[in-house]
Every structure is written in structure tokens, then in C-alpha cells.
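There are 2 protein chains.
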Amino acid sequence: MKIIAIRSVPTDSNLLKLLNKRKVLHYIQRKDGHSRSDIAKALKLSKPTVSNIVDELLEEGWIREKESERASSAGGRKPFQIFFNENAAYIVGIDIGGTLVEIAIMNLAGKLISKTAFSTQKHVGNNFIQTIANYVNTLTEQNGLESSQLFGVGVGVPGITDVDSGIVIDAPSLSWKNVPLQSQLESLLSCPVYIDNDVNVAALGEYWKGAGRKNNNMIMITLGTGIGCGIIINGQLYRGASYAAGEIGYMVTDKDAADKKYEQTFSGYGFLDSHVGGPSIAKRMLNHAEKREEKWTAKKVFQMAIDGDQLALDTINDSLSHLSFALINVISIINPERVVLGGGISKSMHHFLPHITSTLEKHLPVQTDITITTVEDVSLLGAGYLILKEHESILKV
Amino acid sequence: MKIIAIRSVPTDSNLLKLLNKRKVLHYIQRKDGHSRSDIAKALKLSKPTVSNIVDELLEEGWIREKESERASSAGGRKPFQIFFNENAAYIVGIDIGGTLVEIAIMNLAGKLISKTAFSTQKHVGNNFIQTIANYVNTLTEQNGLESSQLFGVGVGVPGITDVDSGIVIDAPSLSWKNVPLQSQLESLLSCPVYIDNDVNVAALGEYWKGAGRKNNNMIMITLGTGIGCGIIINGQLYRGASYAAGEIGYMVTDKDAADKKYEQTFSGYGFLDSHVGGPSIAKRMLNHAEKREEKWTAKKVFQMAIDGDQLALDTINDSLSHLSFALINVISIINPERVVLGGGISKSMHHFLPHITSTLEKHLPVQTDITITTVEDVSLLGAGYLILKEHESILKV
DNA sequence: TTACAGTTAGTTAACCTTACTTACCAATCA
DNA sequence: TGATTGGTAAGTAAGGTTAACTAACTGTAA
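As you go down the protein sequences, you meet chains A and B in turn. Heads up: the first sequence begins at 11 in our numbering, then just goes up one per residue. Heads up: the second sequence begins at 11 in our numbering, then just goes up one per residue.
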């Protein structure tokens, strides 16, 4: 009779190993092509320990090794160079937007492999989550990947999400209330799923691949229908006590206006939303009698302002003035190294950025870099990065 | 000949031990009077491991044990109850204020043992740091303590401090620029010294002993000459990229006023400072011709407003309106569980608090507790807590 | 060309620390 | 006396360390 050993509960004794293993793997990700010896020296681990861990990582496929061409000029054995295997697994990033659901597959280094999309409004309320899962599966197959090669799926959702339970608390544009998106997708896709607010996901993307790459304290402000703000503090997303951190749409930059005129009851829409949001810009143009007939968009107003139309310019300036003071307020509280502006309106903003920064300089003594996002697919990348940030694995960052 | 064993470099193998030891000690701090067995069960450690750690902690004096009176009603051996030794060491908290330097000795549980103070202006610029050290030494002796019993010294400084290097970058009220306070005090007192901004220290005090006790995401706003804000995120002080987080004196709550009238160049004084700071309240009363002759203080204006003076009431209301919108802005960004108001003016504020919270409710959908500090010596306690938070020791929280 | 010293990379062997499991003793209740 | 609970002792496993070793290469001098 064969006695099968019951593996003892993996308690803390494994912790040290995992920590060291993670440390080694992260070092390899950062410094490609170094030897076991280099790693031991840099991480202050003994050579046998590193060798042992490296062997395991090789076995598991996370890394590759290659004999070096040349030894050191001082003599000695040729080292084996060790490289991170960026294609050891693949990540799916999903960005649920108001108009499009975008889905992408990327490798572990965040290199986009393939992308697809479908119309949100056409499918919402009609097996929506199942549709997402189908698109993910199709995309996986089309790229010749097994579902076992998927490391995880990250989703950005336009609404308030309880990240810990994986439930979308409220997403008006999808008519979702308390939808257990994470668990539903997990059972359909049989791989780990993590979800977060779209703004947070965009901030992560910018932190991973964008201007905020090296800024452990950075902020991403998204300008669109409303205004939102993703906060990265000490290299981690900060979500607040009730997942409402960065809801700067509720900010007030004009006491008198807020005291007297503003009597809005909430529907996820605050004072600042109604002063710098895209629709508010369009609406204010409409209110001027002489332009009443036209169908305005924020983009059009921006373009007219750049072209010299005084009314458009006044409108934009007023709106950007509110934005500038909002930035002052955010920066004075958070003191980030960098603020990245993103979202639909941001592309129209380059022309006005100097004006904004000069207002900041007038009111703030601290130096902060303000830039406009340049990253393509920042939300998709950020959604993917969610997996590396949140999923408990050797790759966790 | 006695051979003294050179202890091998404490590498990672000790890490796990330290972690477990810390875990056990924290458990004992939280749950006084439990047995070794209880601890093992609660922390999911084996009984021998806990016994081993407890023995070491007893040896080192951090804990005490006492044989229990009675065993469990189900029978069994009487347990040894284990208690945290709150007097295993003592902490010194120092609050350098504009008028007074306060110094206190407290035990490890934050119970104040003794307190002293001296005039800031009388000693500043004249062996100031040496004077502080002298007062600390005198206080220690007067309480029959050896300097070896001092676990550490925490200092709250009214200015911008580089917490990591221990240098006070700029403290206008002390005329300090780039003063290496930490290293100087350390060499005078020969025990670990940690320094931080006065507002951060107050926030820590409130987090340790005040209303924010159980709020891992809380904010303390201090109202005085200026307005400041200490931020605790995930149970840790957040200081920002350049130690300027929470400098909400620079916030702008009135776009038009800031655009048109406000042309202040900085001297550590921003828009909000000049609208809710104590001196600004006094100054605005002065500007009204009919009251020009009086010598105003913010406290006096508050009292007159409560007593029904219309002019005072208008002044206070305007100022508190700015404060309310500042609170809205802070909360919308940080989404804390609780905001604690402190500082000189806060005591006069109870009467107006309902008005503030009603403004918040009007503009914010999230629920946040707003309270006024009730803790005596909150800054001294916070300064002491700095040691437990920052100093690398078994007690580190 | 060959021998060999010097250097570096990586492995093997012996040992230390720490925590776990199992087994046991101690003390108490009913 | 049996059941139950608190605590200790002995043995084992896991993971890390040092020291010594093998492997492989560079450069120089006979």
C-alpha cells in the first residue's frame, strides 16, 4: 500500500522563500542579462540561495538563461546571463467604456499582442458579461493561445467598484448596481479576474507605461463627461475609505457660485463636473443666444478657441480656470511628483497647458510636473497591470 | 580563555523570527491577559514557537506574566496570563510651538508621566537645541528615570521637515533653514530621535489616542495662524513627494477672488490661510471702519458671533464657508473615514459645526465623520508616537 | 605552444536558525 | 479517575549561510 504524504499546511516558513524568490525575479525583470553571481551580490543573498531560486524559476518558465559570449576581462568562467521571460504568460486587459468595450491581450512586459472591441450600448443588459467572456475567448484562440496561458484578466469599469469583493456598486452608464462582475467573469473564464474603477485603471496604466513611470507619488486626472482622479501613493493605488478617493467632480472652486447658484442633487455629478466636464462646456456655448442653433461638442469649442473665436475662448478659459484651481487643490493636498492629464478633452489641451501651469506657479510653492498623456491604450494597459498589482503571485509588484 | 562568539550577520533567517516576535508582542498589546495557548491559536503559530518567543520577551522585559486564579470551567491547567509591560521603557514627546516648547515623558501606552515647557522666543537662536536637550535631561532625572530607559524622542516642528534625513528644511517661526535637528539632538541625548512637521504629529496623536483611533484613513486639520492638514492613509502618515502633502493653506476656494484680488507671493502663506487663518479673521474685523480701534483676536470674534453680533457673525460665516469648501475638496480627494478639526480656533467651533456638516452633506455623497479634537496634549502624544511608528524596533507599529 | 597563476561563476557539503509536529507532563474540574 | 486545557521536550523539515570545491576563462612568461 502506498502512503501518500499529506503536505503540511504551508505556513510562514514558506514566506521567506517566496519573498526572496520575488526579489530575485523582480531584479531580473529590472536588470536583464545579469548572472547568478550579480544577483547574489546585488540582493545580498548567498550564491547557493540565488542558484537554487534561479533553478526553480527556470523550471517554472519565468526566466531563460543563455551562456555569455565572453568572460570578464580579468579572467574567470563565462557567466550564464539570465533574462525575464516576458511571454511566460499573457494578460488580458478590458476597458468597459460608455461607447466601446475594448479588450486586449498583452505579455507580462505590457507589450500589446492583439486588440478587439464591441459596442457597449448594443450589448448592455443582454448577456453583457457573457459577451465579454466570449470576446476574450475568441481573442485568445485567434492568437493561438491556450486559456491556461492566461495569467489573469483585469477590468476597468466606469463606476464605483468594491475592489475587495469584486462587486460593481454603481455604474450608471451600464445601469449596474451591485453586480458581482469579478466572480461572474471568473467562473466564465476560469482565471483570476480583478476589477477597478476606470480612472484608477488609467492611472495604473500611466504609472506602468506613461509619463508617471518613475513617480511613486503621482496623480492622473481624466477629463471627459465628468472629471475624475486616480491617485498613486507610494507606488500603490489609493482608493479611499469607501472606494471614493479621487472623486474630484465634487470639488468646489468657486464658493459664491456654489453657495448661491449650485443646488444640484447628486447623480454622480458634482460642482466641478458641471464646470469643466465636456458637456458643460458645450452647454455653456448653447446658452449664448447667438449660437443657440448649433450642436456643440467640447472638442469643437476648443478648436474654435484656438482659431480665435472670442466667445469660445472665454468659455474655455473659464473652464480651464476652474481646472487650474482644482489642480492647485489636489496638488496642495497630495503633493505628487507628477500630474498627468488624460481623457477625451485632454488632447485638445496642449495649446492651453502653459496657461494652466502659470496659474499653478502663481499659487503653489512646490514644483510639480504637469503633463498630458501620450500613451496609447492607457486604460487597457492599466487594466492588465491590475493583475500584476493585485493578484497574489510571484510576479506581484 | 573565554571565546566570545561573533554573532553571524543577522541576515534574512532572522526576519521571520522578528516578524513573529512583533506579531506576538502586538497581540499582547491589544489583548492583555491572554495565555501562550490563546496567542498560538489566534496567530496560527505553534505552541512551542509562541512559548519560545514569550520567554524571550519576558527576558527582555517587554511583557510580564502572572499565574491565573482559575482554570477553564472545562478543567485543565491554569494558564499564565501575559501582560504588556507599559513601563518597559519611556518615550519623550516634544512639541516646538511658536510660543512654547512643550516636553513630556510618557510610557509605551501613551500615558503621560510628566510635562514641562519653556518659552520659544526667549531661547530661539541661543543654544536652542542644547536647551531642549537640557530640559529633557532634567525631566528624566526629576522622574527618577535613567537615560537608558528612554526608548526614543519624537519632535514636532512648525515647518517643513525632511523626515528621512532628519533635517528641518524651513521653519520661519524659528528662523531655521536646513537645521539637522535629528542628528544634533541624537548626539546630545544619545537615544533615537525622530522629527516631523507639527501638523503630522498632531494627526498621529489623534490617530493614536483621539477620535481617529480606529480610522486607518483619517485626516486632521489644524486651524491656527494658518491651516494645515495631516493625512493618515492605511494607518501610515502620508507626507507627499517632497514633504509638502497636506499644505492646504494653498487651496483656492474662490476662483474669482483668487483670479482678481489675490496676488500674494508666498512666505508659507496661501489663499486659504488668508481666508480662514486666525489673523485673517481678526484682520477682516479691523477693516470695518466702525470697529477699527479694537484689538481683535479670532477667539474674540467667535465669541461675539455666538453672542449675536452681526458683523462678527458675517465674518465668521464667511470664513467657515471657505473652510467648508476646503473640507469638501479634501474629502472628495482623500475619502477619509473621519476628519478631525484641531488647533487654536477649533475650540471655538463647536457652535458652528452643524452649519459646516450641512454644507458638506449638500455637496458630497459620501459619509464622513467630522469631529473636533477632544484630546489633551495631542501634539505631545503624537510626537511620542512618532518613535513607535518610525523607529525600527520590536515595537514598531 | 604550453604551463600556470590569477579570477570569476557556479555547485556541493556541512551547519545554523527557525518553526513545525508529535508526544508528553502538569494541573485542574467534575 | 477521566476529560480537558496549558505548557514543554524531542525530533524533523525547510531555508538560509559559510567554506571549500570544481569549472572555465584570461593573460603572461618560459
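Glycine residues also receive a C-beta, built at the ideal position from the N, C-alpha and C atoms.
Item to complete: Note down, in chain order, every chain A residue with its Cβ under 8 Å from the Cβ of B/M261.
Response: The answer, in chain order, is I338, N339, S342 and I343.
Worksheet item: Do the CB positions of A/W306 and A/L321 come within less than 8 Å of each other?
Response: Going by beta carbons, A/W306 and A/L321 fall outside the 8 Å limit.
Worksheet item: If we call anything under 8 Å between Cβ atoms a contact, is A/I397 one with A/F161?
Response: Contact flag set, yes.
Fill in: Cutoff 8 Å: A/K132 Cβ touching any chain B Cβ
A/K132 does not count as touching chain B.
Discussion item. Here's the rule I'm using: 16 or more other beta-carbon atoms within 10 Å means buried, otherwise exposed. How should B/A143 be labelled?
Written reply: It counts as buried.
Practice prompt. Taking all protein chains shown into account, decide if A/L25 is buried (16 or more other Cβ within 10 angstroms of its Cβ) or exposed.
Written response: Exposed.
Worksheet item: Helix, strand or coil for A/A186 per DSSP?
Response: The identity of residue 186 of chain A in the sequence shown is Trp, whereas the question assumes Ala. For A/W186, the three-state secondary structure derived from DSSP is strand.
Discussion item. Can you check which of these residues, B/Y260, B/L370, B/K27 and B/K41, is closest to B/L55 by C-alpha distance?
Written reply: If you compare the alpha carbons of B/Y260, B/L370, B/K27 and B/K41 with that of B/L55, the shortest gap goes to B/K27.
Discussion item. I'd like to know whether the C-beta of A/S400 is nearer than 8 Å to at least one C-beta of chain B.
Written reply: In the sequence on display, residue 400 of chain A carries Glu and not Ser. With a threshold of 8 Å between beta carbons, A/E400 makes no contact with chain B.
Discussion item. Under 8 Å, Cβ to Cβ, is there at least one residue of chain B near A/D174?
Written reply: At a cut-off of 8 Å between C-beta atoms, A/D174 does not count as an interface residue with respect to chain B.
Discussion item. Please identify the residue among A/I316, A/Y260 and A/G107 whose C-alpha is closest to the C-alpha of A/V209.
Written reply: Nearest of A/I316, A/Y260 and A/G107 to A/V209, Cα basis: A/G107.
Worksheet item: Is the Cβ of A/H373 closer than 8 Å to any Cβ of chain B?
Response: By this cut-off, A/H373 is an interface position.
Fill in: CB of A/H332 within 8 Å of CB of A/V286, strictly
Yes, the pair counts as a contact, with Cβ atoms nearer than the cut-off.
Item to complete: Write down the C-beta distance between B/G86 and B/L391 rounded to the nearest angstrom, noting that I regard them as a contact closer than 8 Å.
Response: Not confirmed; about 41 Å, so no contact.
Discussion item. Which residues in chain A have a C-beta closer than 8 Å to the C-beta of B/C239? List them in chain order.
Written reply: Those within 8 Å of B/C239 in chain A are I343.
Item to complete: Report yes if the CB atom of B/L247 is closer than 8 Å to the CB atom of B/M261, and no otherwise.
Response: A distance of 8 Å or more separates the beta carbons of B/L247 and B/M261.
Item to complete: Alpha carbon to alpha carbon, how far is A/W218 from B/G394? Give it in angstroms, no decimals.
Response: Per the coordinates, the alpha-carbon of B/G394 lies some 38 Å from the alpha-carbon of A/W218.
Discussion item. I want to know whether the stretch 341–351 of chain B touches the stretch 359–374 of chain B - three or more CB-CB distances under 8 Å.
Written reply: As far as the Cβ criterion goes, the stretch 341–351 of chain B touches the stretch 359–374 of chain B, which means the pair count is three or higher.
Practice prompt. At 8 Å on the CB atoms, spell out the chain B contacts of A/N188, in chain order.
Written response: What A/N188 touches in chain B: nothing, since even the nearest Cβ is about 16 Å away.
Practice prompt. Look at A/M230 and A/G240 and say whether their C-beta atoms are less than 8 Å apart.
Written response: By the CB criterion at 8 Å, A/M230 and A/G240 fall inside the cutoff.
Practice prompt. Enumerate, from N- to C-terminal direction, the unbroken beta strand (DSSP E) stretches of 3 or more residues contained entirely within the stretch 289–336 of chain B.
Written response: List check, beta strand (DSSP E) in window: nothing returned.
Worksheet item: Using a C-beta cutoff of 8 Å, does B/I404 count as contacting chain A?
Response: Output row for B/I404: interface = no.
Discussion item. Could you tell me the alpha carbon to alpha carbon distance between A/Q140 and A/K372, rounded to whole angstroms?
Written reply: So the alpha carbons of these two residues sit roughly 52 Å apart.
Worksheet item: When the cut-off is 8 Å and only beta carbons count, does B/I243 lie next to chain A?
Response: Yes, B/I243 counts as interfacial toward chain A.
Fill in: Contact check, A/A99 vs A/Q159, beta carbons under 8 Å
Contact flag set, yes.
Discussion item. Distance cutoff 8 Å, beta carbons only. Does B/N62 sit that close to anything in chain A?
Written reply: For B/N62, the answer is no, since every Cβ of chain A falls outside 8 Å of its Cβ.
Item to complete: Name, going along the chain, the residues of the stretch 26–43 of chain A whose beta-carbon falls closer than 9 Å to a beta-carbon of chain B.
Response: Listed in sequence order: L26, L29 and N30.
Worksheet item: If you count every other CB in all the chains shown that lies within 10 Å of the CB of A/G318, and 16 or more means buried, which is it?
Response: It counts as exposed.
Item to complete: Out of A/E66, A/N30, A/G103 and A/R74, point me to the one whose CA is closest to A/A50's CA.
Response: Checking every option, the nearest Cα to that of A/A50 belongs to A/N30.
Practice prompt. Answer with buried or exposed for B/F276, where buried requires no fewer than 16 other C-beta atoms within 10 angstroms of its C-beta.
Written response: Any reading at B/F276 must be qualified, since the residue scores a pLDDT of 47, below 50, and its modelled position is unreliable; the value itself is stated next. Looking at its Cβ environment, which holds fewer than 16 other Cβ atoms inside 10 Å, B/F276 is exposed.
Worksheet item: Would you say A/S193 reaches chain B, if we count a Cβ-Cβ gap shorter than 8 Å as a contact?
Response: No, its Cβ sits nowhere closer than 8 Å to a Cβ of chain B.
Fill in: Helix, strand or coil at A/N339 [DSSP, three-state]
The answer is helix: DSSP assigns A/N339 an H, G or I state.
Worksheet item: Mapping DSSP to helix, strand and coil, what is A/R80?
Response: Here A/R80 sits in coil by DSSP.
Discussion item. Does chain B have any CB closer than 8 Å to the CB of A/I258?
Written reply: Interface flag for A/I258 against chain B is set, since a Cβ pair is found closer than 8 Å.
Practice prompt. Taking the CB atoms as reference points, tell me whether A/V178 and A/V163 lie closer together than 8 Å.
Written response: Going by C-beta atoms, A/V178 is not nearer than 8 Å to A/V163.
Worksheet item: If you drop the 5 nearest sequence neighbours on each side, which residues of the same chain put their C-beta closer than 6 Å to that of B/A232?
Response: In the sequence under discussion, the amino acid at residue 232 of chain B is Thr, which differs from the Ala named in the question. Excluding residues within five positions, the ones whose Cβ falls inside 6 Å are V209, A212, G238, G352 and G353.
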